[in-house]
Amino acid sequence: MATQARKIFIDSSVLVAFVDRADSNHIKASKIMSDLATMGYQPYTSLQIVTESYVVLAREIGISIGSEFLQSMLQSNIEILFPQKADLITAHRMLRVNRDRQISLRETLNATLMQKRGIIQILTFTYWHNLFGTYTSSLIS
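Quick look at the structure:
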């Protein structure tokens with residue numbers, strides 16, 4: 022269980038806020054990212070999150086910032102998870118079972134990747150449905 026407590030998934034809302042100084046959560050995101058290293062967390066994210074963050078940053082701030090973000094992600098210790106077809110199948114099943122909960126494919130696929138790696142905490146500034154026993158990290162508070 023101690024290993025799981027040190028794994029954490031980072032959502033695009035935190036990555037964008039960390040880079041974008043005009044974001045209302047920038048200071049909080051900067052502190053969180055600093056705390057991750059000092060507290061010994063192994064950060065994870067997904068290709069989907071990296072792509073989404075790049076698009077938002079490139080559109081909102083500029084292509085050069087988007088490119089710098091991508092380069093930083095590739096050089097960081099954040100492990101990027103890549104979905105396989107089986108992950109998409111699992112996410113699709115979850116969507117069918119939870120039609121009434123209005124869960125997005127993005128959230129379901131990321132929860133699937135988290136479950137596969139034993140990651141139970143997510144850093145996000147947006148609502149999270151607690152799929153597969155995952156929950157929003159207290160570091161966000």
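If you use my numbering, the sequence shown closes out at 162, no skipped numbers anywhere.
Note that CB positions come from ideal geometry on N, CA and C, so glycine has one too.
If the criterion is Cβ atoms closer than 8 Å, does the pair residue i and residue j meet it?
i: tyrosine 75; j: glycine 87; result: yes
i: arginine 138; j: tyrosine 65; result: yes
i: alanine 58; j: asparagine 46; result: no
i: glutamate 89; j: aspartate 41; result: no
Within a Cβ cutoff of 7 Å, which residues of the same chain sit near residue i, ignoring the five residues on either side of it in sequence?
i: alanine 23; result: For alanine 23, the predicted model reports a pLDDT of 45, less than 50, meaning its position is unreliable and no value from the coordinates is stated.
i: threonine 111; result: Thr133
i: aspartate 56; result: Leu160
i: methionine 163; result: The chain is shown from 22 up to 162; residue 163 falls before or after that span and cannot be answered.
Using a Cβ-Cβ cut-off of 6 Å (strictly less than) and excluding sequence neighbours within five positions of residue i, which residues of its own chain qualify?
i: tyrosine 62; result: Arg27, Ile29
i: leucine 36; result: Ser74
i: alanine 79; result: Gly87
i: methionine 135; result: Phe30, Thr155
i: glutamine 69; result: none
i: leucine 91; result: Tyr75
i: aspartate 44; result: Ala38
Sorted by chain position, which residues of the same chain lie with C-beta nearer than 8 Å to residue i's C-beta, five sequence neighbours on each side aside?
i: leucine 116; result: Ile124, Leu126, Thr129
i: aspartate 108; result: Leu130, Thr133, Leu134, Lys137
i: serine 51; result: Phe39
Between residue i and residue j, how many whole angstroms is the CB-CB distance? I'm expecting something under 8 Å.
i: serine 67; j: isoleucine 101; result: 7 Å
i: alanine 132; j: leucine 152; result: 4 Å
i: valine 71; j: methionine 94; result: 6 Å
Establish whether the CB of residue i and some CB of chain C are separated by less than 8 Å.
i: isoleucine 124; result: Protein chains in the displayed structure number just one, and chain C is not present.
Given 8 Å, three or more beta-carbon pairs between the segment 27-41 and the segment 140-151
yes
Mind listing, in chain order, the continuous alpha helix (DSSP H) runs of no fewer than 4 residues lying wholly within the segment 102-153?
106-118, 126-138
Only counting runs of 4 or more residues, tell me where the alpha helix (DSSP H) segments fall wholly within the segment 33-114, in order along the chain.
33-40, 47-59, 68-81, 84-96
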